[in-house]
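Going by numbering that gives the first Met the number 0, the letters in the sequence shown line up with residues 0 to 467, in that order.
Just so it is clear, CB atoms sit at the ideal spot from N, CA and C, and this is done for glycine as well.
Please read these numbers as outputs of a predicted model, since none were measured by experiment.
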Amino acid sequence: MELIPLSLLLSLSLSTILFLLFRTSTARRRNIRSPPGSIGLPLIGETFQLISAYKTENPEPFIDTRVVKYGTVFTTHVFGERTVFSADAETNRFILQNEGRLFESSYPGSIANLVGKHSLLLMRGSLHRRMHSLTMSFANSTIIKDHLLVDIDRLVRRNLDKWTGRILLMEEAKKITFELTLKQLLSIEPCEWSENLRKEYMLVIEGFFCIPLPFFSLTYRRAIQARKRVTEALHLVVRERRVEREKGVKKNDMLAALFDSDCDDDEIVDLLVSLLVAGYDTTSTTMTLAVKFLTDTPSALAELKEEHEEIRKKKGASLALEWDDYKSMPFTQCVVNETLRLSNIISGVFRRAITDVKIKDYTIPKGSKVFASLRAVHLGQENFEDARVFDPWRWQKISDPANFMPFGGGPRRCPGHELARVALSVFLHHLITRFSWIPAEDDKLVFFPTTRTQKRYPIIVQNRNVVG
């Protein structure tokens, strides 16, 4: 989740605010030298400045001006809390690597309520390590190669078969990624039930960025109601699968592995809710922005077409992609990296210090909110030359991408990072070899509450008469 929403500020209780003020005064009495910065207006802090910046195509000035004034690690006050921002690659790695020792994950109530208390997002300690490892075991390169790639190829083709004329690319990409995730987790093929579930999920996700009070926010109330319908549907699937399991029917998917882990049904459903969210929204947005960046950079699109048309010539018109084909897409991987670097679907991660933490010449007091800005590092001129230009060729020269962390890092690194890369590569292959397209109208990027295009990126597609 890339930004803590404004709802957190509005929903803070008076007791919470008094606690924060007490903690701040306590830190001062202890003579802790916190990172320098500005806390803005009382209670509101600099929240409105941050939101205003991230609602534009160029949110960088919020961080850039403070980095110039205070350095790459500075203090601000957003969403009701004093927050230490890090725009420093080394500091970000330190924060991410010390999850569970010096820092812990921290999310607003609106998100926590909707993903559920047993979700991977909210787990900590040994339970998180065990479930994170289990999730990774169903998204590693061996599993993708031997089991998932054939489904990815088939489901991408199935969706593209329906494309004609004007489409909203972001909506179409969401259908693809939801179907892929549902197949991986539950072995469910696309159907009316899955499409209805996807629509309910859209309502749940909209509630992530609302005031977490049903009587105050209609959107949040709808999200809570949608979550209830989602969990009821998933509980039914879990019960049916348990009956099948007792009859000796076994399937090779995430749900089967969760049965083996001895989770109860409530725990399984919360895990499925959070994993569906994780696999659905970020990958589809990355797909959309890859197409947008390529459309805006014709030379990159031309080189990518050449790579994929060569693969298609070797395979013929109708054969599915195989692992060797995926591994023969070097420029595609450059495009994937550059899309991830420039788009920053996850612009950063929030943590909370669980003890006083020494960073550089400063101390972050125990209990402080910390934001490790991945976006600031990815778009920093000191880390990447011409950092705000889409230049996939840069990745042909980068041998050690230590400052590149699109999937986070440490114990909470996204377990589906390789699966996301494969899905994006397969999608680009079939899009490029089957269609030409033009933008249907001007569209632009915004970054709050999530990274997206304002109009869901409408394009007009034309089939190139290549069956693939």
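Shown here, tyrosine 361 sits in a strand according to DSSP, grouped into three states. Only exposed fits phenylalanine 214, as fewer than 16 other CB atoms lie within 10 angstroms of its CB. For threonine 82, the uninterrupted beta strand (DSSP E) segment begins and ends at 80 to 85.
Beta-bridge analysis with DSSP links tryptophan 436 to Val460. Taking all protein chains in view, the Cβ of histidine 307 is crowded by 16 or more other Cβ atoms within 10 Å, so the residue is classified as buried. Excluding five sequence positions before and after serine 136, the CB atoms of its chain that fall closer than 8 angstroms to its own CB belong to Ile142 and Ala256, given in chain order.
The residues Asp150, in chain order, have a CB closer than 6 angstroms to that of lysine 182 in the same chain once the five nearest residues on each side in sequence are set aside. If you look at threonine 176, you'll find it in the alpha helix (DSSP H) that goes 168 to 185.
Taking 8 angstroms as the cut-off, the beta carbon of glycine 99 is found no closer than this to the beta carbon of histidine 76. Its Cα nearest to that of leucine 423, the residue Val335 stands out among Arg156, Gly108, Val335 and Glu170.
Non-local beta-carbon contacts of leucine 147 in its own chain, meaning distances under 6 angstroms to residues more than five positions away in sequence, are absent. Measuring C-alpha to C-alpha distances from threonine 285 to each of Leu113, Thr449, Asn30 and Thr82 identifies Thr449 as the nearest. Using a Cβ distance threshold of 8 angstroms, phenylalanine 447 and tyrosine 53 count as a contacting pair.
Around the beta carbon of proline 35, fewer than 16 other beta carbons sit within 10 angstroms, so the residue counts as exposed.
Contact annotation: isoleucine 437 and isoleucine 458 have beta-carbon atoms nearer than 8 angstroms. The straight-line gap separating the alpha-carbon atoms of arginine 350 and threonine 362 is approximately 15 angstroms. Serine 104: member of the beta strand (DSSP E) spanning 102 to 104, first to last residue. The distance from the Cβ of methionine 169 to that of arginine 455 is about 4 angstroms, consistent with a contact at the 8 angstroms cut-off. Counting only the Cα atoms, glutamate 80 lies some 10 angstroms from threonine 74. Just so you know, the alpha carbons of arginine 65 and arginine 451 end up roughly 25 angstroms apart. In the structure shown, glycine 278 falls within a helical segment according to DSSP collapsed to helix, strand and coil. Judged by beta-carbon spacing, leucine 339 lies within the 8 angstroms limit of proline 405, meaning their Cβ atoms are closer than that value. If only complete runs of 3 or more residues are kept, the region 194 to 239 shows no beta strand (DSSP E) anywhere. Going by DSSP, serine 372 is part of the beta strand (DSSP E) stretching over 368 to 372.
Taking 8 angstroms as the cut-off, the beta carbon of arginine 153 is found closer than this to the beta carbon of alanine 319. In the structure shown, valine 445 adopts extended strand secondary structure according to DSSP, grouped into three states. Distance from the Cα of proline 410 is smallest, within the candidate group Ile345, Arg128 and Val272, for Arg128.
Using a Cβ distance threshold of 8 angstroms, serine 109 and glycine 206 count as a contacting pair. For alanine 352, the enclosing beta strand (DSSP E) stretches over residues 347 to 352. Straight-line measurement puts the Cα of asparagine 112 at about 27 angstroms from the Cα of glutamine 96.
Minimum Cα-Cα distance from phenylalanine 102 among the listed residues Lys365, Ala86 and Leu184 corresponds to Lys365.
Of the residues assessed, lysine 198 falls on the exposed side of the cut-off, its CB having fewer than 16 other CB atoms within 10 angstroms. When DSSP states are grouped into helix, strand and coil, arginine 165 belongs to the strand group.
Shown here, valine 248 sits in coil according to DSSP, grouped into three states, outside any helix or strand. For glutamate 89, the three-state secondary structure derived from DSSP is helix.
When DSSP states are grouped into helix, strand and coil, glutamate 98 belongs to the strand group.
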